[in-house]
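Residue numbers (our numbering): 515 to 600.
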C-alpha cells in the first residue's frame, strides 16, 4: 500500500487467513467487515477465512450469519465452507 496502490482482495484474504491462524480471530473479522465496508468483492475464499476465524473464536452465531449472507449474495458454498462451519 505504500506504493500508492490499494490492497487487493487477495491481500485481504491472505491477511485474514494469517490472523485467523495466529488466533487473532477478532482482527480477522474486523478486516472482513472492512472489506465489505469498502465494497471490495467478497469471495468464497473471504467467507472461508471469516468462517474459520469464527470457529477459532467459538462464534457459532456469526458463522451461521455468514452462511446466510453467502446465500443472499449468491456465493456458492463448497465442501471447505461446510467443513469449516461444522
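Virtual Cβ for every residue (Gly too), placed ideally from N, Cα, C.
All values derive from a computational prediction rather than experimental measurement.
Alpha carbon to alpha carbon, how far is residue j from residue i? Give it in angstroms, no decimals.
i	j	result
residue 597	residue 558	13 Å
residue 522	residue 580	21 Å
residue 555	residue 546	11 Å
residue 552	residue 520	11 Å
residue 575	residue 541	17 Å
Buried or exposed for residue i, please, with buried defined as at least 16 other CB atoms from any protein chain shown within 10 angstroms of its CB.
i	result
residue 586	exposed
residue 539	buried
residue 534	buried
residue 600	exposed
Alpha carbons only, please: which of the options is nearest the one belonging to residue i?
i	options	result
residue 565	519, 524, 525, 531	531
residue 537	526, 563, 548	563
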